[in-house]
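Written out below as structure tokens is the structure these notes cover.
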Amino acid sequence: MRVELLFFVYILSTSFIAGIIGSLLGLGGGIILVPALTILFDMPIHEAIGLSFIGVLVNSSSSSLVYIKNGITDIRLSSILEIGAAIGSIIGAYTALLIDSNVLSIIFGIVLGYVAIDMYRKTRTMKENHIKRELNSGEEREYFEESTKKMVKYSLLRKKEGIILSSVGGIFAGLLGVGGGVIFVPIMNRIMNVPIKVAIATSSFMIGVTSLVGMLIFFNNGFIDVRIISPIIIGIFFGAQVGSRINMVIDKRLLTNIFILVIIYIAFRMVTNGLGIEVFNI
Amino acid sequence: MTVINEKNKVENSILKIMKLLLITSVTMSMASVLIEVNFMDQYIINAMLNTSLLGIDLLKFLAILALFMIPVIRLSIMAIEFYKSGSYINGVTESVVLIMILVLAARIVI
Numbered sequence: 112m113r114v115e116l117l118f119f120v121y122i123l124s125t126s127f128i129a130g131i132i133g134s135l136l137g138l139g140g141g142i143i144l145v146p147a148l149t150i151l152f153d154m155p156i157h158e159a160i161g162l163s164f165i166g167v168l169v170n171s172s173s174s175s176l177v178y179i180k181n182g183i184t185d186i187r188l189s190s191i192l193e194i195g196a197a198i199g200s201i202i203g204a205y206t207a208l209l210i211d212s213n214v215l216s217i218i219f220g221i222v223l224g225y226v227a228i229d230m231y232r233k234t235r236t237m238k239e240n241h242i243k244r245e246l247n248s249g250e251e252r253e254y255f256e257e258s259t260k261k262m263v264k265y266s267l268l269r270k271k272e273g274i275i276l277s278s279v280g281g282i283f284a285g286l287l288g289v290g291g292g293v294i295f296v297p298i299m300n301r302i303m304n305v306p307i308k309v310a311i312a313t314s315s316f317m318i319g320v321t322s323l324v325g326m327l328i329f330f331n332n333g334f335i336d337v338r339i340i341s342p343i344i345i346g347i348f349f350g351a352q353v354g355s356r357i358n359m360v361i362d363k364r365l366l367t368n369i370f371i372l373v374i375i376y377i378a379f380r381m382v383t384n385g386l387g388i389e390v391f392n393i
Numbered sequence: 206m207t208v209i210n211e212k213n214k215v216e217n218s219i220l221k222i223m224k225l226l227l228i229t230s231v232t233m234s235m236a237s238v239l240i241e242v243n244f245m246d247q248y249i250i251n252a253m254l255n256t257s258l259l260g261i262d263l264l265k266f267l268a269i270l271a272l273f274m275i276p277v278i279r280l281s282i283m284a285i286e287f288y289k290s291g292s293y294i295n296g297v298t299e300s301v302v303l304i305m306i307l308v309l310a311a312r313i314v315i
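Just so you know, the sequences run in chain order A and B. So this note's numbering is basically just the index in the first sequence, starting at one, shifted up by 111. So this note's numbering is basically just the index in the second sequence, starting at one, shifted up by 205.
Here is the structure:
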């Protein structure tokens with residue numbers, strides 16, 4: 112089965128941009144890819160989610176290569192969060208198969224909107240010395256901060272809460288075809304006291320599991336268009352490589368603000384799409 | 206020091222495997238695209254495109270298989286290393302996740 116060259120180029124470009132943004136923000140790319148495929152290419156959302164799982168898996172693997180090499184991924188933390196995430200992803204994926212596409216689109220938009228608002232509200236009160244204050248109260252860890260060329264210490268807190276909430280992240284990952292980073296990053300950063308860069312790197316590492324689970328379930332149920340697997344893989348891979356390298360030197364506050372703006376816009380479009388309201392004519 | 210060395214060893218193993226499989230997947234994908242765009246009339250290339258596994262042509266199947274193997278092998282390495290270092294809880298969690306994934310994959314094949 113052939114794919115028209117122009118369509119291939121469009122999918123490739125979209126995947127490339129999704130890869131950059133997803134890798135930069137620890138989101139996996141699905142948060143861009145699913146809306147892009149549904150809004151720009153009129154793809155049924157279930158098929159978009161199925162393809163997104165592949166993209167997220169590539170993004171996760173690609174970004175992780177850079178993050179692991181630079182020593183900012185907390186592999187031990189990911190190993191304890193993954194089980195909840197994987198179980199949640201199974202639940203989410205099977206649930207997605209039962210839900211109508213318009214409803215799924217609205218759910219996607221609402222979830223993103225909530226996450227954006229929550230992140231914005233909490234960044235207004237988040238202080239960097241919050242990490243230093245709780246240094247001696249939890250499991251001590253450290254990572255290499257590229258921008259300052261120094262080892263930075265932090266204390267890992269509330270592991271039990273993190274494990275439980277990671278299953279919630281997994282549900283959304285399986286339900287919406289996102290990497291779960293929209294949930295995992297705030298869980299690790301806000302609840303478990305993990306620095307934002309470590310949270311993003313660790314999230315990138317573990318969403319490979321949630322996306323693989325979703326991919327297997329969706330493939331088994333015939334919701335993955337195998338004709339366009341190749342441009343998704345290629346675009347996400349190269350986009351993720353670019354994004355993860357930019358992340359090593361970018362300002363943390365800028366990173367968070369980009370995160371918020373992007374998902375607010377996407378949330379709006381997905382809700383209007385689900386309601387059948389045309390806002391912009393692209 | 207022992208913990209740091211063990212951590213580096215695990216990370217290095219995971220890095221090598223992930224890099225190899227990811228490059229394999231991307232290469233297969235690029236090969237699949239090039240073949241589809243340019244060489245549809247050649248016999249051998251046609252044979253490759255017409256060979257399908259689980260409803261996917263050979264190169265795309267290999268690309269997907271390589272992607273599938275990344276978390277599977279990564280989980281296996283981490284489980285083994287955690288058991289060896291005495292972190293049994295981490296080892297068990299990795300093993301459980303691995304088993305879940307293999308069961309889901311088996312459902313496709315069976």
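We put the beta carbon where it would ideally sit given N, CA and C, even for glycine.
Selection of the segment 337-369 of chain A by Cβ proximity to chain B, strictly under 9 Å: VAL337, ARG338, ILE340, SER341, PRO342, ILE343, ILE344, ILE345, PHE348 and PHE349
Beta-carbon of SER175 (chain A) versus every beta-carbon of chain B: anything under 8 Å? yes
Enumerate in chain order the residues of its own chain whose CB-to-CB distance from ARG356 (chain A) is below 8 Å, with the five nearest sequence positions on each side excluded. VAL177
Do GLY199 (chain A) and VAL279 (chain A) come within 8 Å of each other at the CB atom, strictly closer than that value? yes
With 16 other CB atoms within 10 Å as the buried threshold, where does ASN240 (chain A) fall? Because the pLDDT at ASN240 (chain A) is just 40, under 50, the model does not fix this residue reliably, and the value given afterwards should be weighed accordingly. Classification for ASN240 (chain A): exposed.
ASN170 (chain A): which of A:VAL360, A:ILE311, A:ASN332 and A:PHE370 sits nearest, CA to CA? A:ILE311
Out of B:LEU227, B:ILE294 and B:LEU307, which one is the CA nearest neighbour of PHE349 (chain A)? B:LEU227
Can you list, in chain order, the stretches of the alpha helix (DSSP H) that have 4 or more residues and sit fully within the segment 266-299 of chain A? 270-287 and 292-297
When the Cα atoms are used, what is the spatial distance from ILE394 (chain A) to MET303 (chain A)? Given that chain A is displayed from residue 112 to residue 393, the structure contains no residue 394 (chain A) and the question cannot be resolved.
List the residues of chain A that LEU309 (chain B) touches, going by C-beta distances under 8 Å, in chain order. ILE201, VAL324, LEU327, ILE328 and ASN331
Starting from PHE255 (chain A), trace the beta strand (DSSP E) both ways and give me its first and last residue. 250-256
Against SER237 (chain B), what residues of chain A qualify as contacts under a CB-to-CB distance less than 7 Å, listed in chain order? SER341
Relative to the alpha-carbon of ILE165 (chain A), which residue among B:LEU270, B:LEU220, B:GLY296 and B:ILE240 has its alpha-carbon at the smallest distance? B:LEU270
If you follow the alpha helix (DSSP H) that LYS308 (chain A) is in, where does it begin and where does it stop? 307-331
Alpha helix (DSSP H) containing MET274 (chain B): first to last residue? 263-290
Assuming LEU264 (chain B) and ALA310 (chain B) make a contact with CB atoms under 8 Å, what is their CB distance in whole Å? The pair is not a contact, with the Cβ atoms about 20 Å apart (cut-off 8 Å).
Cβ contact (3+ pairs, closer than 8 Å) linking the segment 179-194 of chain A and the segment 252-268 of chain A: yes
Nearest-angstrom Cα distance between THR367 (chain A) and PRO297 (chain A)? 11 Å
Return the first residue and the last residue of the alpha helix (DSSP H) that ASN304 (chain A) is part of. First-last for ASN304 (chain A): undefined, no H or E at that position.
Simplified DSSP state of MET262 (chain A), which is helix, strand or coil: strand
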